[in-house]
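Participant: In our numbering, the protein residues as written are 250 to 960. All C-beta atoms, glycine included, are put in the ideal place defined by N, C-alpha and C. The model shown is predicted, which means the values in this text are computed figures rather than measured ones. I'd like to ask some things about the structure below.
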């Protein structure tokens, strides 16, 4: 038997059904016995939505009113009545089983499954298998219109059935016409058989992506690819969201096994983006219709992505990772902040008997640097959700002298974090290039605790300085000269954040009150008052959140970068991209004396003019936040050494290869001990100025023993 089902929401109708997240307000159904060609009673049920504000299209097409819907039952009660009435009709017809049949896939996949998931109640098993009448019709009548162009009306017209919708109530005509279409398909001339229903996966299947494993083993030939028509990029995810949360967001659509790849930033932390691979292009197209749907209070942007991008994120694996992920249906937990001396026994003891690890030591995977040093991260396998929940309760408990963070993780995250280990190089693998004195920018970013700045968060990625000035309105006149600083990501692209220096704290307060959540293009922008110190932390690579300030990985702009294979040149930012900031470590390009003498404009909101700006690149590793082990570098542009020599009298370093770094020194080491250590070698003269002790401030960021740099 079939149960012919039709529904409508309070918003869009037809091809856009479910694309606006509006709730279901109408269900109409009727049982059809395919053998006896008999039908049961036709049922129509209104559904009371939480938001009874109907769209104009809904009012016009359905004729429903908020007053009438206000007297209806909520969705969970209506679905209970649906099951009871269907069972009753089946008994009358002498049948016991049935499959749903709907006009297309939108009602089941884009309305019922997402809405019930958000309202936290389960659909019965019958909603996980259904027939798409449009596909069945095209199979029966190949000369009819394409599936995507089919509607109930066009199918009825193709068969010569009556199409006067005004004769029946909204929903009733649709179901009756669908039943008539089915009977026509069952006639002697067609004898259509319903054999292959559409299916909805009950849950997301975790585990390694098989194509990704093949990609790793066959990467030299590049023979394995992922179909780009099946991949999307989700942006704006909460940082704590897991692969299961993402699968729930796309509830009703079939995600491929291991098809959720959470993107990490260069520090090994989630950046709010994920790549998702679906089983086919049809599912991907439905996923794109969920653009700006909500996960909790956040709206999620959904865009097309490529198979190559997916493989770059999810395809980085190794024999070690493949063996770790070979166990099916395991819950993965990531541990961060482990002591560098922690062993497998220490981790198992920390977790305890209440959350046994799958396979004991085989269920642990420590992440290490290329030289074998531990990063402080580890992944753990648990056989069930209960054990994983017990482990998560140990979040921020102490192991040794350090607190340990625990998060849900995914197979793709395991592969991506471990991939960083193979793509990374030692901290200083080659002799550095000459160091040049840092030239201060012509306009220094103010620091201090006075809250005379504002932070803009959530800017469109296409927004520029002019858009911000228009957004500020009358408050533009209160911006300090060169006071607009847009935060860029590692690739030199806008990150969606910006800082603006105002003339006073009162002006900053007024702007934050007036412009907070004001719209810029199609996005609302959050505006917060902050201090110059907070602004500097973010511009120099730190983070600013509700927990306070997290310092940048390093504030030592005096070392040139090593020769990273993936970053052969410094990131150059075009001058026309006005959405730039100028940290104090940035180096201006080579200028002639005439150009240097030219006075800057007296009033401008843009950063100080320079032909090229070079971004401070930091060599990040996926290390825990409580134990940063990274060093920041800044590249020396060609010709910058000569420019620096003419602009300052600070001595320039000698030829490349004249700098060594000493680590592991005793805390009471002085110049005398170091000179004695290098006895027999020629070092830079002039009162031992070649010895540079690292500052206490820098050491507090590095959290490393006392270090010296020797020239």
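Hey, out of 382, 434, 451, whose CA is closest to residue 423's CA?
Facilitator: The residue labelled residue 423 in the question sits at position 174 within the chain shown. If we check each option's Cα against that of residue 423, 382 comes out closest.
Participant: Using DSSP with H/G/I as helix, E/B as strand and the rest coil, what is residue 520?
Facilitator: Taking the chain shown and counting its residues from 1, one reaches residue 520 at position 271. Of the three classes helix, strand and coil, the one that applies to residue 520 here is strand, per DSSP.
Participant: Grab me the residues of residue 231's own chain with a C-beta within less than 8 Å of its C-beta, minus the 5 sequence neighbours each way, in chain order.
Facilitator: Because the chain spans 250 through 960 in this model, residue 231 falls outside it and cannot be assessed.
Participant: Cβ atoms of residue 776 and residue 708: under 7 Å apart, would you say?
Facilitator: Working through the chain shown from its first residue, we reach residue 708 at position 459. Working through the chain shown from its first residue, we reach residue 776 at position 527. Against a cut-off of 7 Å, the Cβ pair of residue 776 and residue 708 comes out as no contact.
Participant: Determine the direct distance from the alpha carbon of residue 553 to that of residue 537, and round the result to whole angstroms.
Facilitator: On the chain shown, residue 537 is found 288 positions in, with the first residue counted as 1. On the chain shown, residue 553 is found 304 positions in, with the first residue counted as 1. Taking the straight line joining both Cα atoms gives about 7 Å.
Participant: If I measure Cβ to Cβ from residue 701 and keep anything under 8 Å in the same chain, skipping five residues before and after, which residues do I get?
Facilitator: Locating residue 701 in the chain shown gives position 452, where the first residue counts as 1. Excluding positions up to five away in sequence, the list reads 695, 750, 751, 752, 753, 754, 756, 757, 780, 781.
Participant: If you drop the 5 nearest sequence neighbours on each side, which residues of the same chain put their C-beta closer than 6 Å to that of residue 294?
Facilitator: Residue numbering aside, residue 294 sits at position 45 when the chain shown is read from its first letter. For residue 294, where only same-chain residues beyond five positions count, the Cβ hits under 6 Å are 276, 327.
Participant: Under the rule that 16 or more other beta-carbon atoms within 10 Å means buried, what is residue 395, buried or exposed?
Facilitator: Counting from one through the chain shown, the residue named residue 395 turns up at place 146. When all chains shown are included, residue 395 counts as exposed.
Participant: To the nearest whole angstrom, what separates the beta carbons of residue 358 and residue 501, a pair I think is in contact under 8 Å?
Facilitator: Counting from one through the chain shown, the residue named residue 358 turns up at place 109. Counting from one through the chain shown, the residue named residue 501 turns up at place 252. Sure, about 4 Å apart at Cβ, within 8 Å.
Participant: Which of helix, strand or coil does DSSP assign to residue 966?
Facilitator: Residue 966 is absent from the structure shown; the chain starts at 250 and stops at 960.
Participant: Would residue 762 be called buried (16 or more neighbouring beta carbons within 10 Å of its own) or exposed?
Facilitator: On the chain shown, position 513 is the one that residue 762 refers to. Its Cβ having fewer than 16 others within 10 Å, residue 762 is exposed.
Participant: Spatial neighbours of residue 366 within its chain, please: CB distance less than 6 Å, with the 5 preceding and 5 following residues excluded, ordered by chain position.
Facilitator: Numbered from 1 along the chain shown, position 117 holds the residue referred to as residue 366. Counting only Cβ-Cβ distances below 6 Å, and skipping sequence neighbours, we find 497, 500.
Participant: Alpha carbon to alpha carbon, what distance is there between residue 590 and residue 544?
Facilitator: Residue 544 sits at position 295 when you count from the first residue of the chain shown. Residue 590 sits at position 341 when you count from the first residue of the chain shown. The alpha-carbon atoms of residue 544 and residue 590 are separated by roughly 39 Å.
Participant: Straight-line CA distance for residue 658 to residue 569?
Facilitator: For the purposes of this step, residue 658 is taken as the residue at position 409 of the chain shown. For the purposes of this step, residue 569 is taken as the residue at position 320 of the chain shown. Their Cα atoms are separated by approximately 17 Å.
Participant: Report the three-state DSSP secondary structure of residue 954 (helix, strand or coil).
Facilitator: Start at 1 with the first residue of the chain shown, and residue 954 comes out as number 705. Note on residue 954: pLDDT 41, under 50, position unreliable in the model; the coordinate value appears next. The answer is coil: DSSP assigns residue 954 none of H, G, I, E or B.
Participant: Bridge partners for residue 626 per DSSP, in chain order?
Facilitator: One-based indexing of the chain shown puts residue 626 at position 377. Beta-bridge pairing links residue 626 to 585.
Participant: Taking only three categories from DSSP, how would you classify residue 483?
Facilitator: Within the chain shown, numbered from 1, the residue matching residue 483 stands at position 234. Three-state DSSP puts residue 483 in a strand.
Participant: At which residues does the beta strand (DSSP E) containing residue 488 begin and terminate?
Facilitator: Locating residue 488 in the chain shown gives position 239, where the first residue counts as 1. Neither: residue 488 is in no beta strand (DSSP E) and is coded neither H nor E.
Participant: In this structure, how does DSSP classify residue 743 when only helix, strand and coil are distinguished?
Facilitator: Residue 743 sits at position 494 when you count from the first residue of the chain shown. In this structure, residue 743 counts as strand in the three-state DSSP scheme.
Participant: Could you tell me whether the region 611-622 touches the region 644-652, where touching means 3 or more Cβ pairs closer than 8 Å?
Facilitator: Cβ pair count under 8 Å is below three, so no.
Participant: Check each candidate in 286, 260, 333, 280 and name the one with the smallest Cα separation from residue 274.
Facilitator: As a first step, residue 274 is located in the chain shown; it is residue number 25 there, counting from the start. Checked all of 286, 260, 333, 280; the closest Cα to residue 274 is 260.
Participant: How is the beta strand (DSSP E) around residue 778 delimited, first residue to last?
Facilitator: For the purposes of this step, residue 778 is taken as the residue at position 529 of the chain shown. Where residue 778 is concerned, the enclosing beta strand (DSSP E) stretches over 772-779.
Participant: Please determine, among 562, 478, 518, 488, the residue with the shortest C-alpha to C-alpha distance to residue 530.
Facilitator: Within the chain shown, the letter at position 281 stands for residue 530. The shortest C-alpha separation from residue 530 is found at 478.
Participant: Could you check what DSSP says for residue 615 in three-state terms: helix, strand or coil?
Facilitator: Taking the chain shown and counting its residues from 1, the one referred to as residue 615 is at position 366. Three-state DSSP puts residue 615 in a strand.
Participant: Since residue 419 is in the beta strand (DSSP E), which residue starts that stretch and which ends it?
Facilitator: Indexing the chain shown from 1 puts residue 419 at position 170. From DSSP, residue 419 is part of no beta strand (DSSP E); its letter is neither H nor E.
Participant: Alpha carbon to alpha carbon, what distance is there between residue 633 and residue 510?
Facilitator: Translated into the one-based positions of the chain shown, residue 510 becomes position 261. Translated into the one-based positions of the chain shown, residue 633 becomes position 384. For residue 510 and residue 633, the distance between alpha carbons rounds to 21 Å.
Participant: Would residue 266 and residue 324 be called neighbours here (beta carbons separated by less than 7 Å)?
Facilitator: Indexing the chain shown from 1 puts residue 266 at position 17. Indexing the chain shown from 1 puts residue 324 at position 75. Going by C-beta atoms, residue 266 is not nearer than 7 Å to residue 324.
Participant: Please name the residue, chosen from 606, 730, 376, that lies closest to residue 350 on a Cα-to-Cα basis.
Facilitator: Locating residue 350 in the chain shown gives position 101, counting from the first residue. When each option's Cα is compared against that of residue 350, the closest is 376.
Participant: Any C-beta of chain D sitting closer than 7 Å to the C-beta of residue 532?
Facilitator: Going by chain labels, chain D is absent from the structure shown, which holds only one protein chain.
Participant: Tell me which residue opens and which closes the alpha helix (DSSP H) that residue 269 is part of.
Facilitator: On the chain shown, residue 269 is found 20 positions in, with the first residue counted as 1. First-last for residue 269: undefined, no H or E at that position.
Participant: Between the alpha carbons of residue 560 and residue 335, how many angstroms are there, rounded?
Facilitator: Position 311 of the chain shown, counted from the start, is the residue given in the question as residue 560. Position 86 of the chain shown, counted from the start, is the residue given in the question as residue 335. Approximately 46 Å, taken between the alpha carbons.
Participant: Using a Cβ-Cβ cut-off of 7 Å (strictly less than) and excluding sequence neighbours within five positions of residue 348, which residues of its own chain qualify?
Facilitator: The residue you call residue 348 lines up with position 99 of the chain shown. 251, 378, 379, 380, 446.
Participant: Is residue 572 buried or exposed, if buried means 16 or more other CB atoms sit within 10 Å of its CB?
Facilitator: In the chain shown, the residue the question calls residue 572 occupies position 323. Classification of residue 572: exposed, given that the 10 Å Cβ count is below 16.
Participant: Return the chain-ordered list of same chain residues with a C-beta closer than 7 Å to the C-beta of residue 419, the five sequence neighbours on each side being excluded.
Facilitator: Locating residue 419 in the chain shown gives position 170, where the first residue counts as 1. Cβ neighbours of residue 419 beyond the five flanking positions: 310, 311, 312.
Participant: In chain order, what are the residue ranges of uninterrupted beta strand (DSSP E) at least 3 long that sit wholly in the region 279-349?
Facilitator: Fully enclosed beta strand (DSSP E) runs of 3 or longer: 292-295.
Participant: Taking all protein chains shown into account, do 16 or more other C-beta atoms lie within 10 angstroms of the C-beta of residue 710, making it buried, or fewer, making it exposed?
Facilitator: Position 461 of the chain shown, counting from 1, holds the residue named residue 710. When all chains shown are included, residue 710 counts as exposed.
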